[in-house]
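Input: a single structure, listed below in structure tokens.
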Amino acid sequence: VTEPDLAGRHVVISAGGTREPLDPVRFLGNRSSGKQGYALARTAAARGARVTLIAANTALPDPAGVDVVPVGTAVQLREAVLKAASEADAVVMAAAVADFRPATYAAGKIKKKDDQEPEPIVLIRNPDILAEISTDRPRPGQVVVGFAAETDDVLANGRTKLERKGCDLLVVNEVGERKTFGSEENEAVVLGADGSETPVPYGPKEALAETVWDLVTRRLR
Ligand code: PMT
Numbered sequence: 180v181t182e183p184d185l186a187g188r189h190v191v192i193s194a195g196g197t198r199e200p201l202d203p204v205r206f207l208g209n210r211s212s213g214k215q216g217y218a219l220a221r222t223a224a225a226r227g228a229r230v231t232l233i234a235a236n237t238a239l240p241d242p243a244g245v246d247v248v249p250v251g252t253a254v255q256l257r258e259a260v261l262k263a264a265s266e267a268d269a270v271v272m273a274a275a276v277a278d279f280r281p282a283t284y285a286a287g288k289i290k291k292k293d294d295q296e297p298e299p300i301v302l303i304r305n306p307d308i309l310a311e312i313s314t315d316r317p318r319p320g321q322v323v324v325g326f327a328a329e330t331d332d333v334l335a336n337g338r339t340k341l342e343r344k345g346c347d348l349l350v351v352n353e354v355g356e357r358k359t360f361g362s363e364e365n366e367a368v369v370l371g372a373d374g375s376e377t378p379v380p381y382g383p384k385e386a387l388a389e390t391v392w393d394l395v396t397r398r399l400r
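Counted the way full-length UniProt numbering counts, the sequence shown spans residues 180 to 400.
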């Protein structure tokens with residue numbers, strides 16, 4: 180039996196991967212499926228929370244009783260998260276957000292010219308949503324959780340990222356072309372701003388989600 184320990188709480192979760200368009204046909208994207216974020220949404224709803232799920236380019240069924248807000252780009256994700264976060268007790272950023280986007284958008288499909296070298300793609304910085312809400316909490320006292328997708332020096336990079344972003348908890352998971360992205364399982368260490376480290380062994384993404392909510396509810400009390 181699941182304890183309704185999130186009853187009366189509103190949580191905002193981002194899931195999936197942003198896509199940054201180059202032209203009407205192409206985009207820069209990443210391998211996130213949204214499964215980890217959806218697992219967070221399902222488990223929070225089962226624990227009694229009111230859940231807003233900001234979903235970037237996912238192809239998963241809407242979890243029952245969850246308010247799903249579809250978005251495409253990092254800029255759209257930021258707008259949707261900030262709007263929902265102003266009345267949230269916790270914000271969990273599980274989405275893979277593009278750090279950069281193409282500087283220009285071509286209104287028509289970019290053409291291949293046989294006698295010319297391809298044009299380089301110039302990138303500009305996207306807003307860092309997690310850093311922004313960690314610094315200026317849209318609602319005072321809310322708990323902010325980030326994820327860190329790392330390919331090497333996972334824990335050291337995670338600790339640095341936690342300090343740089345300023346969130347309360349950072350879920351550090353290892354990713355690769357066929358690792359974590361799109362799979363049903365995950366394995367992680369949840370780092371706390373208080374110096375705590377909570378390892379979560381390899382298992383269903385729901386199990387990691389439950390640990391995140393255990394740590395969040397402790398900080399909400
Ligand atoms: O979706 P799945 O297939 O289930 O895969 C799950 C996952 C690997 C995508 C997920 O577990 C995960 O690690 N999500 C975060 C991916 C990511 O963008 O990590 P990052 O280390 O690049 O970013 C760190 C944190 O800052 C994240 O919380 C991210 O949401 C946030 N961020 C990043 C860039 C940016 N411009 N704004 C942000 O808010």
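Even glycine gets a Cβ: it sits at the ideal position worked out from N, Cα and C.
Check: K344 beta carbon less than 7 Å from that of L309; Outcome: yes
Check: Residues that DSSP places opposite I192 in a beta bridge; Outcome: L232, V271
Check: Proximity test, Q321 beta-carbon vs the ligand PMT heavy atom, cut-off 6 Å; Outcome: no
Check: Of the residues I192, A234, E199, R229, the one placed nearest S212, counting alpha carbons only; Outcome: A234
Check: Buried/exposed call for S362, threshold 16 Cβ in 10 Å; Outcome: exposed
Check: Three or more C-beta pairs below 8 Å linking the stretch 197-215 and the stretch 350-361; Outcome: yes
Check: Cβ contact (3+ pairs, closer than 8 Å) linking the stretch 234-252 and the stretch 317-324; Outcome: no
Check: Which of helix, strand or coil DSSP assigns to L370; Outcome: strand
Check: Proximity test, Q255 beta-carbon vs the ligand PMT heavy atom, cut-off 6 Å; Outcome: no
Check: Same chain only: Cβ atoms within 6 Å of R188, ignoring 5 sequence neighbours per side; Outcome: A228, D268
Check: Beta-carbon contacts of D202 that lie in its chain and below 6 Å, excluding the five residues immediately before and after; Outcome: A285, K288, I289
Check: Cβ-based burial, D347 [other Cβ within 10 Å; buried from 16]; Outcome: buried
Check: Test item: CB-CB of A238 and V230 under 7 Å; Outcome: no
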